[in-house]
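Visitor:
2 protein chains.
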Amino acid sequence: MTAEPAETLRDIGETAVLQRIFPRLPQADAALVGPGDDAAVIAAPDSRIVITTDTMVHGPDFRTAWSTPYDLGWKAAATNLADVAAMGATPTALVVALTIPADTPVADLEAFADGMREACAALARGCGVVGGDLGVSPTFTIAVTAIGDLVGGDPVLRSGARPGDVVAVAGQLGLAAKGLALLFARGVDREGVPDARRARNLRSRFPAEVSAQLAPRPPIYAGPVAALSGATAMLDVSDGLLLDARRIAQASGVTIDLATEGTGVAEVLHGGEDHALLACFPGTADVPPPFRVIGRVLPVAPGSDPGVTVDGAAADERGGWDPYAEWAGGAG
Amino acid sequence: MTAEPAETLRDIGETAVLQRIFPRLPQADAALVGPGDDAAVIAAPDSRIVITTDTMVHGPDFRTAWSTPYDLGWKAAATNLADVAAMGATPTALVVALTIPADTPVADLEAFADGMREACAALARGCGVVGGDLGVSPTFTIAVTAIGDLVGGDPVLRSGARPGDVVAVAGQLGLAAKGLALLFARGVDREGVPDARRARNLRSRFPAEVSAQLAPRPPIYAGPVAALSGATAMLDVSDGLLLDARRIAQASGVTIDLATEGTGVAEVLHGGEDHALLACFPGTADVPPPFRVIGRVLPVAPGSDPGVTVDGAAADERGGWDPYAEWAGGAG
Numbered sequence: 001m002t003a004e005p006a007e008t009l010r011d012i013g014e015t016a017v018l019q020r021i022f023p024r025l026p027q028a029d030a031a032l033v034g035p036g037d038d039a040a041v042i043a044a045p046d047s048r049i050v051i052t053t054d055t056m057v058h059g060p061d062f063r064t065a066w067s068t069p070y071d072l073g074w075k076a077a078a079t080n081l082a083d084v085a086a087m088g089a090t091p092t093a094l095v096v097a098l099t100i101p102a103d104t105p106v107a108d109l110e111a112f113a114d115g116m117r118e119a120c121a122a123l124a125r126g127c128g129v130v131g132g133d134l135g136v137s138p139t140f141t142i143a144v145t146a147i148g149d150l151v152g153g154d155p156v157l158r159s160g161a162r163p164g165d166v167v168a169v170a171g172q173l174g175l176a177a178k179g180l181a182l183l184f185a186r187g188v189d190r191e192g193v194p195d196a197r198r199a200r201n202l203r204s205r206f207p208a209e210v211s212a213q214l215a216p217r218p219p220i221y222a223g224p225v226a227a228l229s230g231a232t233a234m235l236d237v238s239d240g241l242l243l244d245a246r247r248i249a250q251a252s253g254v255t256i257d258l259a260t261e262g263t264g265v266a267e268v269l270h271g272g273e274d275h276a277l278l279a280c281f282p283g284t285a286d287v288p289p290p291f292r293v294i295g296r297v298l299p300v301a302p303g304s305d306p307g308v309t310v311d312g313a314a315a316d317e318r319g320g321w322d323p324y325a326e327w328a329g330g331a332g
Numbered sequence: 001m002t003a004e005p006a007e008t009l010r011d012i013g014e015t016a017v018l019q020r021i022f023p024r025l026p027q028a029d030a031a032l033v034g035p036g037d038d039a040a041v042i043a044a045p046d047s048r049i050v051i052t053t054d055t056m057v058h059g060p061d062f063r064t065a066w067s068t069p070y071d072l073g074w075k076a077a078a079t080n081l082a083d084v085a086a087m088g089a090t091p092t093a094l095v096v097a098l099t100i101p102a103d104t105p106v107a108d109l110e111a112f113a114d115g116m117r118e119a120c121a122a123l124a125r126g127c128g129v130v131g132g133d134l135g136v137s138p139t140f141t142i143a144v145t146a147i148g149d150l151v152g153g154d155p156v157l158r159s160g161a162r163p164g165d166v167v168a169v170a171g172q173l174g175l176a177a178k179g180l181a182l183l184f185a186r187g188v189d190r191e192g193v194p195d196a197r198r199a200r201n202l203r204s205r206f207p208a209e210v211s212a213q214l215a216p217r218p219p220i221y222a223g224p225v226a227a228l229s230g231a232t233a234m235l236d237v238s239d240g241l242l243l244d245a246r247r248i249a250q251a252s253g254v255t256i257d258l259a260t261e262g263t264g265v266a267e268v269l270h271g272g273e274d275h276a277l278l279a280c281f282p283g284t285a286d287v288p289p290p291f292r293v294i295g296r297v298l299p300v301a302p303g304s305d306p307g308v309t310v311d312g313a314a315a316d317e318r319g320g321w322d323p324y325a326e327w328a329g330g331a332g
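Protein sequences appear in the order of chains A and B.
Once you know that position 220 of the first sequence is 220 in UniProt numbering, the rest is easy, because the numbers rise by one and skip nothing.
Once you know that position 280 of the second sequence is 280 in UniProt numbering, the rest is easy, because the numbers rise by one and skip nothing.
If you want it as C-alpha cells, here you go:
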C-alpha cells in the first residue's frame, strides 16, 4: 500500500483552494461585505481605524520543520493582533496575503486557516479574516494586515510617557526566546538542520517555552484595558524588553528605569518575540490587571540622553533581536 | 576608475533604509498617526471602510529586467487603488509589506517609493502610505493593502446587476496584454531570458502598450463617480473582459451581452491587467464619463446558466489570464 500523494495548490488551483479555506477562516463581526468581491467592507464605528501590517518569511522568520502550518496561521494572526492592541485598540479584521510554492499541500493551507481561526477565537473574539490574496512564490511568505477600532478612546502612542509614570508589562517575557534557544540547540539534526521530529519532542518536554515561540498568546484584551485605564504610552515587546523600553524612552524624551527586585526582569532584558505589552501609567493611576509594575519613568538626567536604566544604572547597549540572522544552521 | 558598489539593505540596515524611504512615500490626508508606532491611525469618516490586499511576486508576477523599481511601486499602488475604486470608494491609505533580498540596492527602494508616490499623486490624490514592513526574503515580494472610504454611498458589489441595465467600461482594455505580448516576444534575449535593454527599446517604440503593462493608469476617480451615478455592479477588470464580465453575471444571476459594433470589444475579450472598471448602470440612468457603453444586462435564458454572450451568441469558455504560468522563458 502506497500513500496517496498530498493534494497541492497546483493540483486543484486557486479557486478550489479558496473554497476549501474560506469556511475555516474566522468570521469578523464587523464585516459588512466579506471575501469574494474586489474588496471587503467593514464597520469602523469609531470613525478612525488602527492599521498595521507584518510579514513572516520562510527562512528569515520561520522554519517549516519547527512551525506547523497551524502554528504559522496562529502566529501570523497573534503578532498582528498584538500591534493593534498596543495602540489601545480592539482588533476587528484581518486581511491575509499568502504567497506559497505551488506544491504546498492544500491540507497545510487548511491547517493555516485553522490556526488563524483559533488564534482569533482565543485572543480577539469577534475579529476575523475579511479578505486576502493567494499567489505562487518560491518562498512561503505570509503578509497580514490587521485593523482595529479605538472604541472612542485616544490611541496610545510610544511618545506619551511622562516622569512620574509607572512602567508595567502584561504577558510573558523571556519564554519565547527560551523556546527559540531550545530549538536552535536541540531542534536540529547532526548537521544543524531544523528537524521536525526533534522539535516535536522538545515541545512535549518544554511546552511553555516552545509554544511561546511558535504560537504566542499575547494578552490582546489588555491593550484596550490599558487605554481605558489612562495608559500614557504602550508598545508590543517584539524585539526584547530593553530595546523596546528604549523606544518608548526615546519617543517620549524620558528615562525608563527598570527595577529588578521582585520583577524578574533581569533575566528577560533581551530576547524578543514575546509580544507582551509594555505600558506606562500615571503614577497616581491604579495599574489594571494583567499589567504588573516593573519600573518607573524618570526625567532625563542632565548630560544624558533618553534611554533605559536598570536599577538606576545605565543599561548595556546591546539591542536588537534577529536570532536567525547570524545562525549558521540549515534552512529547514 | 571603478564604479562604487551600490549601497544595499544589508550594508545600512532596516532602520537607515526606512529613514531614506519615508520622506519619499506619499502622505495620506487621512493619517492621524503615520508610520513609526505599532500601527497607524487613519480617519474613517464614513464609519465603514473598504479594504483589499494584493501581492506581486518576482517571477510569477513581474520580471526585474522589464519592470523598473519605479514601475513596481507604481503598479503595486495602482492595482490596489483599482480594487478600492471598484467598490465605489475613494482610496485613503496604503500599507506596504516589502520582503526583499538583502543585496537589494537602497536606490531601488527609493525608486519604488517614488513610484508609489507618483501613482498616488496621479491616480488618487490624498491617498498615501501610512505604514509598512520591510523584511529580508530570497524572493522580492510586494504585499500592499489599500483602504478606502465610501463617503456615504453604498458599496458597489458584483452581485447587483439587473436585466435592463447597461454595461459600461472606464479605462483602457487590451493595451496591457499587448504590452506583455510584446515583452514576451521581443523583450527577451536569444535564450528567452527577459532583457532590460531590449525592454527599454520596446518601451520607446510602443510606449502606450508597454507602459499599460508595467505602470498601468486605471481610472481610479471613475469608481466613486460610478457609485454616485447609481452603478448597480462593478469590478476591476484584471483577468480579461470576458472572465470578469462572467464574474458579474454569475454573482448577479444574469446574462451580460457584450456588443462588438462600434465598441472594439471583440479585440479585447481576453488578456488581463488593464485594471479598467467594468460597471452596470440602470438602463434609465445617464452613464457618466469616462464610462462608455459596451453591452447590456439580460435575463438568463431558459435552460441556460448566468454568463456572457457576445452579440447574443454564447462566448467561448476560455477564461483566466496567467501569462507567466506556461511561459518557458528564463527568470529575468
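Think of the CB as a built atom: it goes at the ideal place given N, C-alpha and C, for glycine as much as any other residue.
(1) Where do the ends of the beta strand (DSSP E) carrying G132 (chain B) lie?
(2) I need the DSSP call for G295 (chain A), collapsed to helix, strand or coil.
(3) Tell me the DSSP secondary structure of W321 (chain A) in three-state form.
(4) Assuming F62 (chain B) contacts P101 (chain B) (C-beta within less than 8 Å), just tell me the rounded distance between them.
(5) Would you grab the beta carbon distance between I42 (chain B) and I142 (chain B) for me? Rounded to a whole angstrom, and I think it's under 8 Å.
(6) For S47 (chain B), return the contacting residues in chain A, with the cut-off set at a CB-CB distance below 9 Å.
(7) Say whether chain A places a C-beta atom closer than 9 Å to the C-beta of L157 (chain B).
(8) With DSSP collapsed to three states, give me the class of T15 (chain B).
(9) What does a CB cutoff of less than 6 Å around L150 (chain A) pick up in its chain, not counting 5 residues either side in sequence?
(10) Taking only three categories from DSSP, how would you classify F206 (chain B)?
(11) To the nearest whole angstrom, what separates the beta carbons of H275 (chain B) and V300 (chain B), a pair I think is in contact under 8 Å?
(12) Give me the Cα-Cα distance between G230 (chain A) and P26 (chain B), rounded to the nearest whole angstrom.
(13) If I measure Cβ to Cβ from G164 (chain A) and keep anything under 6 Å in the same chain, skipping five residues before and after, which residues do I get?
(14) Under the DSSP definition of a beta bridge, which residues are partnered with V96 (chain B)?
(15) For the alpha helix (DSSP H) containing F112 (chain B), list its first residue and its last residue.
(16) Let me see if you follow: with CB-CB separation under 9 Å, is V167 (chain B) close to chain A or not?
(17) So, with DSSP's three-state summary, where would you put A212 (chain B)?
(18) Would R296 (chain A) be called buried (16 or more neighbouring beta carbons within 10 Å of its own) or exposed?
(19) Taking Cβ to Cβ, would you say D114 (chain A) is nearer than 9 Å to L214 (chain A)?
(20) According to DSSP, which residues form a beta bridge with H58 (chain B)?
(21) Using a threshold of 9 Å, state whether the C-beta atoms of D83 (chain A) and T55 (chain A) are closer than that.
(22) Would you kindly work out how many angstroms separate the C-alpha atoms of P23 (chain A) and L81 (chain A), rounded to a whole number?
(23) Please classify G171 (chain B): is it buried, with 16 or more other beta-carbons within 10 angstroms of its beta-carbon, or exposed?
(24) Could you tell me whether the region 265 to 281 of chain B touches the region 240 to 256 of chain B, using the rule of 3 or more Cβ pairs below 8 Å?
(25) Tell me which same chain residues have a C-beta within less than 7 Å of the C-beta of residue 338 (chain A), skipping the five on either side of it?
(26) Residues in the same chain with beta-carbon distance under 6 Å from A177 (chain A), minus the five sequence neighbours each way, listed in chain order, please.
(27) Would you say W74 (chain B) and E118 (chain B) are within 9 Å of each other, going by their C-beta atoms?
(28) Is the CB of residue 341 (chain A) under 9 Å away from at least one CB in chain B?
(29) For G303 (chain B), count neighbouring Cβ atoms within 10 angstroms of its own Cβ and tell me buried if that reaches 16, exposed if not.
(30) Could you check what DSSP says for E326 (chain A) in three-state terms: helix, strand or coil?
(31) Within 10 angstroms of the Cβ of I12 (chain B), are there 16 or more other Cβ atoms? Answer buried if so, exposed if not.
(32) Between the C-alpha atoms of T92 (chain B) and A85 (chain B), what's the straight-line distance to the nearest angstrom?
(33) Please list, in chain order, all residues of the same chain as P288 (chain A) whose beta carbon is under 6 Å from its beta carbon, the five residues on each side excluded.
(34) Closer than 7 Å by beta-carbon distance: list the chain B residues that pair up with V84 (chain A), in chain order.
(35) With distances taken from CA atoms, which of A:A196, A:L175, A:R158 and A:D29 is nearest A124 (chain A)?
(36) Report all residues from its chain with a CB closer than 6 Å to the CB of V310 (chain B); omit the five preceding and five following residues, and keep chain order.
Guide: Short version:
(1) G128 to V136
(2) strand
(3) In this prediction, W321 (chain A) scores a pLDDT of 44, lower than 50, which makes its location untrustworthy; the coordinate-derived value is nonetheless stated afterwards. If DSSP states are grouped into helix, strand and coil, W321 (chain A) belongs with coil.
(4) That belief does not hold up - the Cβ atoms of F62 (chain B) and P101 (chain B) are roughly 14 Å apart, past 8 Å.
(5) Incorrect: roughly 21 Å between the Cβ atoms, too far for contact.
(6) A43, A44, P45, D46 and S47
(7) yes
(8) helix
(9) D46, R48 and A89
(10) coil
(11) With 8 Å as the limit, H275 (chain B) and V300 (chain B) do not qualify as a contact, their Cβ atoms being about 28 Å apart.
(12) 33 Å
(13) G283
(14) B:G132 and B:V144
(15) V106 to L123
(16) no
(17) helix
(18) buried
(19) no
(20) B:F62
(21) no
(22) 21 Å
(23) buried
(24) yes
(25) Outside the modelled stretch of chain A, which goes from 1 to 332, sits residue 338 (chain A), for which no answer is possible.
(26) G271
(27) yes
(28) Nothing can be reported for residue 341 (chain A): it is not among the residues displayed for chain A, which extend from 1 to 332.
(29) exposed
(30) Only weak support is given to the placement of E326 (chain A): the predicted model assigns it a pLDDT of 49, under 50, and the question is left unresolved by the model.
(31) exposed
(32) 11 Å
(33) V225 and S229
(34) A39
(35) A:D29
(36) L258
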